[in-house]
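Colleague:
Okay, here's the thing in structure tokens:
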């Protein structure tokens, strides 16, 4: 644990947030309500692939400092935010019509549409978007931090 730099910690946090976003998304499509069974194409592949990229970048950096490891780790840390952003765009595109229908229907339709199950489903969809957005942002920020542990010792 002492070997991990700030960049590695932020990268790990981004990976954990991506996994949490995937779990919320899985609950959303598995629970009763408007989005029950409404899976987003390739969402699982994009999010879990991005989390794997982030974690592989950390594992590679702990293995050594060769030029090849530097290049591969850099590519993985750039690919992950791109995958997460793509997943977020696809999720928003797949959910925006339903959210508009649930939250902004006229009064007559709202009574039928705003059931507890649909409201819960909409809230879960929004939560997955927010966590995925935060994961994307954290993974972008992580790319700007060094993955090397500073060798400077603090003076007493």
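Residue numbers (the working numbering): 1066 to 1221. Idealized CB from N, CA, C, for every residue including glycine. Given the structure is predicted, the values throughout are model-derived calculations rather than measurements.
#1: Going by CA-CA distance only, name the one from 1157, 1076 and 1191 that's closest to residue 1106.
#2: Which runs of the alpha helix (DSSP H) spanning at least 4 residues fall entirely within the region 1117 to 1186, listed in chain order?
#3: If you follow the alpha helix (DSSP H) that residue 1209 is part of, which residue opens it and which one closes it?
#4: Can you say whether residue 1172 is buried or exposed, counting buried as having 16 or more other CB atoms within 10 angstroms of its CB?
#5: Assign residue 1126 to one of two classes, buried (16 or more other C-beta atoms within 10 Å of its C-beta) or exposed (fewer than that).
#6: Where do the ends of the alpha helix (DSSP H) carrying residue 1105 lie?
#7: Checking 8 Å against the spacing of the C-beta atoms, do residue 1203 and residue 1075 come in under that value?
#8: Which term fits residue 1211, buried or exposed, when burial requires 16 or more other beta carbons within 10 angstroms of its beta carbon?
#9: Whose C-beta lies closer than 6 Å to the C-beta of residue 1205 among residues of the same chain, with five residues either side of it excluded?
#10: Out of 1077, 1155 and 1178, which has the shortest C-alpha to C-alpha gap to residue 1165?
#11: Any idea if residue 1186 is buried or exposed, counting beta-carbon neighbours within 10 angstroms, 16 or more meaning buried?
#12: CB-CB under 8 Å to residue 1071, same chain, minus the five flanking residues each way: which ones, in chain order?
#13: Per DSSP, what kind of secondary structure is residue 1069 in: helix, strand or coil?
#14: Whole angstroms are fine: how far does the CA of residue 1115 sit from the CA of residue 1162?
#15: Whose CA, out of 1208, 1199 and 1213, lies closest to the CA of residue 1085?
#16: For residue 1096 and residue 1196, what's the separation of their Cα atoms in angstroms?
#17: I need the straight-line Cα distance from residue 1144 to residue 1113, nearest angstrom please.
Modeller: Working from what's here:
#1: Of 1157, 1076 and 1191, the residue nearest in Cα terms is 1157.
#2: Restricting attention to alpha helix (DSSP H) runs no shorter than 4 residues, the region 1117 to 1186 encloses them at 1132 to 1168 and 1172 to 1178, ordered along the chain.
#3: Looking at the DSSP string, residue 1209 is not in any alpha helix (DSSP H), and its letter there is neither H nor E.
#4: When all chains shown are included, residue 1172 counts as exposed.
#5: Using a 10 angstroms sphere on the CB of residue 1126, the tally of other CB atoms reaches 16 or more, which defines it as buried.
#6: From DSSP, residue 1105 is part of no alpha helix (DSSP H); its letter is neither H nor E.
#7: At the C-beta level, residue 1203 and residue 1075 come within 8 Å of one another.
#8: With a threshold of 16 other beta carbon atoms within 10 Å, residue 1211 falls short and is exposed.
#9: Excluding sequence neighbours, residue 1205 sits near 1146.
#10: It is 1178.
#11: Classification of residue 1186: buried, given that the 10 Å Cβ count is 16 or more.
#12: Hits under 8 Å: 1210 and 1211.
#13: If DSSP states are grouped into helix, strand and coil, residue 1069 belongs with coil.
#14: Roughly 26 Å between the two C-alpha positions.
#15: It is 1199.
#16: Approximately 18 Å between the Cα atoms of the pair.
#17: For residue 1144 and residue 1113, the distance between alpha carbons rounds to 12 Å.
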